[in-house]
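This report refers to the structure that appears directly beneath it.
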Amino acid sequence: MQRPLLIDTDTASDDAVALIMALRSPLVKVVAVTVVAGNVPVEQATRNALVAVELCGARVPVYAGAAKPLNRELEPATWFHGMDGLGDCGYAPSHPEPEPTDAVDAIIAAALEHPGLEIITLGPLTNLAQAIAREPRIIANISRCVVMGGAPCCEGNVTPAAEFNIWVDPEAARAVLLSGLPIELVGWQLSRYEAVLNADDIAQILALNTPLAQFAIRCNGRAREAYLEQTGEHGISLPDPIAMAILLEPQLALQTSDHFVEVETASPLTRGMTVVDKLNVTADERNAAAWSNTRQSSHKTTIIWELDIPGWKRLLLRSLGGL
Ligand code: BDR
Ligand code: CA
Numbered sequence: 167m168q169r170p171l172l173i174d175t176d177t178a179s180d181d182a183v184a185l186i187m188a189l190r191s192p193l194v195k196v197v198a199v200t201v202v203a204g205n206v207p208v209e210q211a212t213r214n215a216l217v218a219v220e221l222c223g224a225r226v227p228v229y230a231g232a233a234k235p236l237n238r239e240l241e242p243a244t245w246f247h248g249m250d251g252l253g254d255c256g257y258a259p260s261h262p263e264p265e266p267t268d269a270v271d272a273i274i275a276a277a278l279e280h281p282g283l284e285i286i287t288l289g290p291l292t293n294l295a296q297a298i299a300r301e302p303r304i305i306a307n308i309s310r311c312v313v314m315g316g317a318p319c320c321e322g323n324v325t326p327a328a329e330f331n332i333w334v335d336p337e338a339a340r341a342v343l344l345s346g347l348p349i350e351l352v353g354w355q356l357s358r359y360e361a362v363l364n365a366d367d368i369a370q371i372l373a374l375n376t377p378l379a380q381f382a383i384r385c386n387g388r389a390r391e392a393y394l395e396q397t398g399e400h401g402i403s404l405p406d407p408i409a410m411a412i413l414l415e416p417q418l419a420l421q422t423s424d425h426f427v428e429v430e431t432a433s434p435l436t437r438g439m440t441v442v443d444k445l446n447v448t449a450d451e452r453n454a455a456a457w458s459n460t461r462q463s464s465h466k467t468t469i470i471w472e473l474d475i476p477g478w479k480r481l482l483l484r485s486l487g488g489l
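Okay, structure coming up:
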């Protein structure tokens with residue numbers, strides 16, 4: 167039986183590849199795609215989600231959601247993904263209309279309708295935080311919540327401390343992380359180094375000679391240049407598809423452990439930092455004031471520390487072949 171899945175995304179170039187992986191997987195049935203402002207404004211992100219759905223020939227409803235973070239203005243990542251988020255190649259959906267319902271209501275409806283629903287978030291957590299606040303009963307119905315976000319090793323891509331999805335809306339991220347949802351955190355560091363698509367991987371994908379394979383590489387053209395500027399590493403880094411790989415095939419997470427996690431919302435230096443209590447020192451009296459909320463919830467987050475890199479690349483290849 168296919169597992170019901172809802173994807174929340176600020177659809178840009180790596181999100182689009184993650185959407186394709188889910189839409190083509192026999193393991194899950196995507197019940198809804200909900201869109202949030204992040205990499206690009208929400209209208210553009212919604213158009214991009216529709217492009218990916220259409221390319222797969224899928225019939226999945228797409229809902230537009232929050233246009234800005236809970237308490238802040240949107241600071242997008244167009245420098246990284248291109249002005250349209252898809253590398254400025256001119257991609258546009260032929261049926262540009264999303265569903266009339268708001269994404270937050272769509273998340274609530276999907277969770278109430280599908281007990282055991284799995285959710286993956288590929289962008290800022292604004293939509294999900296609002297859904298939980300509006301209808302807390304959904305928490306009990308969500309069996310897994312995979313979050314692409316965070317920098318548990320303190321190696322951020324926006325600041326030294328913070329990864330983009332958490333940094334954009336730290337208040338929303340904090341609300342979700344402390345909500346009691348069963349969260350698996352897929353940090354940005356997992357998409358670096360050997361996990362990056364190198365020249366051979368890219369050649370292998372292009373050799374599939376399918377429209378999906380061509381799209382996946384082409385729409386990430388600007389992201390490839392930007393990643394080189396940012397890290398000095400060559401190739402295409404794909405954080406959202408890696409999170410999707412772990413959602414689809416949990417055994418690709420080779421090393422995991424559960425910890426209390428907090429998100430910094432106040433400090434300009436460490437805004438959006440995912441602070442992981444790896445040594446369980448928050449039980450110490452000296453942490454009582456700062457960590458009491460988190461410890462009271464007695465809820466830990468699963469952190470993914472190690473990825474099966476050959477396995478992730480094999481899954482990506484399978485997803486892009488055939489169509
Ligand atoms: C995350 O930020 C976005 O730019 C990507 O789509 C991904 O979700 C990586 O930090
Ligand atoms: Ca994203």
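For what it's worth, my numbering labels the leading residue of the sequence shown as 167, then goes sequentially. Glycine included, each C-beta is placed from N, C-alpha and C at the ideal position. Keep in mind that this is a model prediction, so the values were computed, not measured.
- Setting aside the 5 residues that flank it on each side, Ala409 is surrounded in the same chain by Ala184, Ile286, Leu288, Val312, Val313, Met314 and Val352, each with a C-beta closer than 8 Å to its C-beta; the list follows chain order.
- Counting only heavy atoms of ligand 1, the residues whose C-beta sits closer than 6 Å to one of them are, along the chain, Ala178, Asp180, Asp181, Asn205, Ala243, Phe246, Leu288, Gly289, Met314, Asn323, Glu329, Phe330, Asn331, Trp354, Pro405 and Asp406.
- Glu329 is not bridged by DSSP to any residue.
- Rounded to the nearest whole angstrom, the C-alpha separation of Val206 and Thr175 is 11 Å.
- The count of Cβ pairs closer than 8 Å, one atom from the stretch 297–306 and one from the stretch 267–275, reaches three, so the stretches are in contact.
- According to the DSSP secondary-structure assignment, Cys255 is paired through a beta bridge with no residue.
- Counting only runs of at least 3 residues, the stretch 282–326 fully encloses the following beta strand (DSSP E) elements, listed from N- to C-terminal order: 283–287 and 308–314.
- Just measuring C-alpha positions, the residue of Glu360, Asp406 and His400 sitting nearest Ala382 is Asp406.
- For Thr468, the shortest separation between its Cβ and any heavy atom of ligand 2 does not lie below 7 Å.
- Note that the C-beta distance between Asn214 and Thr267 is not below 8 Å.
- With a cut-off of 7 Å, the C-beta of Asp335 is classified as distant from ligand 2, since no heavy atom of the ligand falls inside that distance.
- The residues Glu220, in chain order, have a CB closer than 7 Å to that of Ser260 in the same chain once the five nearest residues on each side in sequence are set aside.
- Between ligand 2 and Thr267, a heavy atom-to-CB distance of less than 7 Å is absent.
- Relative to ligand 2, even the nearest heavy atom lies 7 Å or more away from the CB of Asp174.
- For Val217, the uninterrupted alpha helix (DSSP H) run begins and ends at Val208 to Leu221, by DSSP.
- By the Cβ test, the stretch 185–197 is not in contact with the stretch 247–257, since fewer than three Cβ pairs between them sit closer than 8 Å.
- DSSP, reduced to helix, strand and coil, places Val270 within a helical segment of the structure shown.
- In chain order, Ile402 place their CB closer than 6 Å to the CB of Arg390, counting only its own chain and leaving out the 5 sequence neighbours on each side.
- Looking at the DSSP output, Arg169 sits in a beta bridge with Val194.
- Assignment of beta-bridge partners to Ile402 by DSSP yields Leu363.
- In this chain, the alpha helix (DSSP H) harbouring Leu378 covers Pro377 to Arg384.
- Three or more beta-carbon pairs separated by less than 8 Å are not found between the stretch 468–476 and the stretch 446–458, which leaves the two stretches without contact.
- Distances from the CA of Thr397 to each of His425, Val324 and Glu284 were compared; the closest alpha carbon is that of Val324.
- Excluding five sequence positions before and after Asp367, the CB atoms of its chain that fall closer than 7 Å to its own CB belong to Lys479, given in chain order.
- Burial is judged here by how many other beta carbons sit within 10 angstroms of a residue's own beta carbon; Tyr359 has fewer than 16 and is exposed.
- Fully contained in the stretch 418–442 are the following beta strand (DSSP E) runs of length 3 or more, in chain order: 419–425, 427–429 and 440–442.
- Excluding its 5 nearest sequence neighbours in each direction, Glu284 has C-beta neighbours in its own chain below 8 Å: Arg169, Pro170, Leu171, Leu172, Val194, Ile308, Ser309, Arg310, Cys311, Val312 and Leu413, listed in chain order.
- Distance check between Lys444 and each of Ser433, Thr422 and Gly438 places Thr422 closest, using alpha-carbon atoms only.
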